[in-house]
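S.K.: Numbering of the sequence shown is given in the numbering used here, commencing with residue 4 and proceeding in unit increments.
Have a look at the structure that comes next, please.
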Amino acid sequence: MENSKENTLSLQNVEVSYGESQVLWGLDLEVKKGTITTIMGRNGVGKSTTLKTIMGLLGEAKGSINFEGEDINKKQTYKRVRGGIGYVPQGREILPKLTVYENLQIGLEGNINKKAEIPEEEIYTMFPILKEFRNRMGGNLSGGQQQQLAIARALCGDPTLLLLDEPTEGIQPSIIQEIGEVLKMLVRDKGMTVLLVEQKFDFAKYLTDYFYILDRGRVIKEGASKEIDMDELRSYLSV
């Protein structure tokens, strides 16, 4: 698999283990610039591990992780963030004892511009509820509102690549739709690149330009959304 200027991110022959248990087996994956790429698969096949590996949260992986023309495999996580990768983990991980505004301030730590300020107008246009709840503790938000905050916090780092791990998990349908529209807008209007791990088939189908299906740490199916057989794709997700 050749690196291309069209690719924001490229993983080549990536292998990852937790102790004695190997999770990723020679994973190859490419994310084209200005697209939404989605990783799908049953539980426990290595989807979240893939995002954590890209972020350097599991230490150095075997193989190559190339981001915007540079191999980042040996880089510390904070350097990957400041290099332009935003990450919204599964479970959101907002800080419950801090206000919405304080959570957003923490997102600025990922911004390479030390004098950066929270892009409040932009954030509150995308997620109006965060303006209304600006001074509310993060722990007092609903699950959907916490997810909006987690995405907004990542955007404060001004990323070029946004990784999201199951952003629709446990969230009401109205907010799922809002999140989908925001992701489409970020790609369309800002040229952002998105890599998504998702379980909800209809949400993924609506957003995705290119799919990867994982099973036991390997890609077993991939293809552009216009070309891939959606019924076949859905069959890989059924238990």
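Even for Gly, the Cβ is constructed at its ideal location relative to N, Cα and C.
Using CA coordinates, which residue listed in 214, 66, 69 and 198 is at the minimum distance from residue 237?
M.R.: Per the Cα distances, 214.
S.K.: Terminal residues of the continuous alpha helix (DSSP H) containing residue 128?
M.R.: Segment 123-129, the alpha helix (DSSP H) holding residue 128.
S.K.: Quick one: Cα of residue 159 to Cα of residue 133, how far?
M.R.: Approximately 14 Å, taken between the alpha carbons.
S.K.: Could you give the first and the last residue of the continuous beta strand (DSSP E) run that contains residue 161?
M.R.: Run containing residue 161: none; DSSP gives neither H nor E here.
S.K.: When every heavy atom of the ligand MG is checked, does at least one fall within less than 7 Å of the C-beta of residue 228?
M.R.: As for the ligand MG, it is missing from this structure, which has no ligand bound.
S.K.: Start and end of the alpha helix (DSSP H) containing residue 25?
M.R.: Here residue 25 belongs to no alpha helix (DSSP H); instead the beta strand (DSSP E) covers 24-35.
S.K.: Taking the alpha helix (DSSP H) that residue 205 belongs to, which residues open and close that run?
M.R.: Looking at the DSSP string, the run of the alpha helix (DSSP H) that includes residue 205 is 204-210.
S.K.: For residue 162, count neighbouring C-beta atoms within 10 Å of its own C-beta (all shown protein chains included) and say buried if the count is 16 or more, exposed if not.
M.R.: Buried, since its Cβ has 16 or more Cβ neighbours within 10 Å.
S.K.: Report the residue from 32, 86 and 182 whose alpha carbon sits nearest the alpha carbon of residue 66.
M.R.: For the residues 32, 86 and 182, the minimum Cα distance to residue 66 belongs to 32.
S.K.: Mind checking which residues open and close the alpha helix (DSSP H) that includes residue 106?
M.R.: Start and end: 103-110.
S.K.: Just list the beta strand (DSSP E) runs in the region 172-242, keeping only unbroken ones of 3 residues or longer that don't cross its boundaries, in chain order.
M.R.: DSSP runs (the beta strand (DSSP E)) wholly in the region 172-242: 196-200, 213-218 and 221-227.
S.K.: Give the straight-line distance between the Cα atoms of residue 195 and residue 204, rounded to the nearest whole angstrom.
M.R.: Their Cα atoms are separated by approximately 22 Å.
S.K.: Could you tell me which uninterrupted beta strand (DSSP E) segments, each at least 3 residues in length, are contained entirely in the region 43-111, listed from first to last along the chain?
M.R.: If we require 3 residues or more, the beta strand (DSSP E) runs fully inside the region 43-111 come out as 65-70 and 88-91.
S.K.: So, are the CB atoms of residue 64 and residue 17 less than 8 Å apart?
M.R.: In contact: residue 64 and residue 17 (Cβ atoms closer than 8 Å).
S.K.: When you compare the CB positions of residue 102 and residue 156, do they come within less than 8 Å of one another, or not?
M.R.: No, these two residues do not count as a Cβ contact at 8 Å.
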